[in-house]
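Enquirer: Mapped onto our numbering, the consecutive letters of the sequence shown carry residue numbers 102 to 508.
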Amino acid sequence: MARFTLPRDLYHGKGAIEALKTFPGKKAIVCVGGGSMKRFGFLDKIVAYLEEAGMQVKIFEGIEPDPSIDTVMRGAKEMLAFEPDWIVAVGGGSPIDAAKAMWIKYEYPEVGFEDMCKVFGLPKLRNKAHFCAISSTSGTATEVTAFSIITDYEKGIKYPIADFEITPDVAIVDPDLAHTMPKKLVAHTGMDAITHAIEAYVSTANCDFTDPLALHAIKLIQEHLVKSYNEDMASRDIMHNAQCLAGMAFSNALLGIVHSMAHKTGAIFQDFGDGAHIIHGAANAMYLPKVIAFNAKDKETAKRYVEIANFMGLEGNSDDDKIKSLIEYLRDMNDQLNIPHCIKNYGADSFPTEQGFVPEDVFLERVHDIAVNAIDDACTGSNPRQPSVDEMVELLKCCYYDTEVNF
């Protein structure tokens, strides 16, 4: 038996945030990240709509990119004091992910972070509050997913929380919010979205309910990501829907080792480059072509990649040719989005560069531990080809040097 879970309600289209004024409740806490939602007036609108609904509103702001365990604990403490019956998270993946983890701690103050990370092991939520997620970026799709990513900065590791309990009750997908994204963020979140869709399609948990969502998302991203990056706002509107469709797919079909590797390399090199880290979407973009080459050594998985290539209209006289066309298409998309092909060339602030911020000797020193942690990541279990630690080490090296995957 399998399960397919999505938010109960999804409001979409321009002006969709107005739905907030119909919410029943007494108190709402609004969780938000940096200043962009405030600068562009969206935070004021959200508060006004909630107050129009008759609620007392509190704001918890300043949630950092790649939110920390400390931030989660601070937010939960404020929720316990305020006692909201609605948690409204607005922004990119970071504030929504953080608010999901805060929600768990708010409902179960005794639960520790390690307990939160037990895959599909959470107790029932919604005893104290319901959850609404409003996305402002077009990539993570956390507004519709059963996942949250929280970073332990002491260990330099990102931990996924995975449970259908943290699927939001309400998702609001209003494209007006996505118009505020800078170009680099459009690139990163867009490649995150296509990674979600491709990994969901080849995942061991794919099914008839997730496949159409994944394929349609891939087609929309193929047609509109680069245009969105080049500031075509009509395409940006469509990308906001596409990333949400990809999220619906992967929340139920799960992911694979592109994400396992991205989670475990994201913050591990933060002690170089003034705390720089490998941004999640850029990591996915660099690793996805290599993982396709690795997974395609499995014959059944290769057939799934060929189906994707056919759906995209890519050329090739054989299955191998079509998989190569898919890999090259993704690499070309990275070029158009100014994302480098490998960790060695990944720069902290401007890229591609001739030399990134991760020194070769440091990478080689840490690669075995990264591989072990990636194997243990929650996303690895649904990858169609299970790597050994040695294979993961070699795959990470291919992602560092941009070398061919031939194993």
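Heads up, the beta-carbon is just placed ideally off N, CA and C, and yes, glycines get one too.
Which one of I471, H381, I339 and S361 has the shortest CA to CA distance from G193?
Expert: Reading the sequence shown from its first residue, position 92 is the one you call residue 193. Answer by Cα proximity: H381.
Enquirer: Apart from the five residues on each side of it in sequence, which residues of its chain come closer than 6 Å, Cβ to Cβ, to H360?
Expert: Indexing the sequence shown from 1 puts residue 360 at position 259. Once the five neighbours on either side are set aside, the close Cβ partners of H360 are C480.
Enquirer: If you scan the stretch 159-229 from start to end, which runs of the beta strand (DSSP E) of 3 or more residues do you find wholly inside it?
Expert: Runs of the beta strand (DSSP E) inside the stretch 159-229: 187-192.
Enquirer: For the beta strand (DSSP E) holding F232, just list the boundary residues, first then last.
Expert: As a working mapping, residue 232 is identified with position 131 in the sequence shown. Element bounds for F232: H231 to S236.
Enquirer: At the level of alpha carbons, what is the spacing between C443 and V191?
Expert: Within the sequence shown, residue 443 is the residue found at index 342, counting from 1. Within the sequence shown, residue 191 is the residue found at index 90, counting from 1. Rounded to whole angstroms, C443 to V191 spans 32 Å at the Cα level.
Enquirer: Helix, strand or coil for H47 per DSSP?
Expert: Nothing in the structure corresponds to residue 47, since the chain is present only between 102 and 508.
Enquirer: Please list, in chain order, all residues of the same chain as M282 whose beta carbon is under 8 Å from its beta carbon, the five residues on each side excluded.
Expert: Locating residue 282 in the sequence shown gives position 181, where the first residue counts as 1. So the list reads S237, T238, S239, T290 and R337, once near-sequence residues are dropped.
Enquirer: Considering Cα atoms alone, identify which of A202, A103 and I369 is closest to I471.
Expert: For the purposes of this step, residue 471 is taken as the residue at position 370 of the sequence shown. Here the closest residue by C-alpha is I369.
Enquirer: With T252 as the anchor, note down where its beta strand (DSSP E) starts and where it stops.
Expert: Start at 1 with the first residue of the sequence shown, and residue 252 comes out as number 151. Unbroken beta strand (DSSP E) run through T252: F248 to D253.
Enquirer: Among the candidates V463, D293, K425 and K122, whose CA atom is the shortest distance from the CA of G357?
Expert: Within the sequence shown, residue 357 is the residue found at index 256, counting from 1. With distances taken between Cα atoms, G357 lies closest to D293.
Enquirer: State the Cα-Cα distance for the pair Q344 and A377, rounded to the nearest angstrom.
Expert: By 1-based counting over the sequence shown, the position of residue 344 is 243. By 1-based counting over the sequence shown, the position of residue 377 is 276. The straight-line gap from Cα to Cα measures roughly 26 Å.
Enquirer: Would you check whether the ligand MG has a heavy atom nearer than 7 Å to the C-beta of F464?
Expert: Judged by which ligands are present, the structure shown has none, so any question about the ligand MG falls away.
Enquirer: Using the Cα positions of A200 and I251, report the straight-line distance between them to the nearest angstrom.
Expert: Translated into the one-based positions of the sequence shown, residue 200 becomes position 99. Translated into the one-based positions of the sequence shown, residue 251 becomes position 150. If you take the alpha carbons of A200 and I251, they lie about 10 Å apart.
Enquirer: So, are the CB atoms of D264 and F232 less than 8 Å apart?
Expert: Position 163 of the sequence shown, counting from 1, holds the residue named residue 264. Position 131 of the sequence shown, counting from 1, holds the residue named residue 232. No, Cβ-Cβ distance for D264 and F232 is not below 8 Å.
Enquirer: For F143 and I130, I'd like the C-alpha separation in whole angstroms.
Expert: Position 42 of the sequence shown holds residue 143. Position 29 of the sequence shown holds residue 130. Going by the C-alpha atoms only, they are around 15 Å apart.
Enquirer: Can you find the residues in the same chain that come closer than 7 Å, C-beta to C-beta, to S426, ignoring five residues on each side of it along the sequence?
Expert: Counting from 1 along the sequence shown, the entry for residue 426 is found at position 325. Closer than 7 Å at the Cβ level, and outside the excluded window around S426, lie A410, L415, E416 and G417.
Enquirer: Let's test the definition: count the other Cβ atoms within 10 Å of the Cβ of R109 and tell me whether it reaches 16, buried, or not, exposed.
Expert: Against the sequence shown, residue 109 aligns to sequence position 8. R109 should be labelled exposed.
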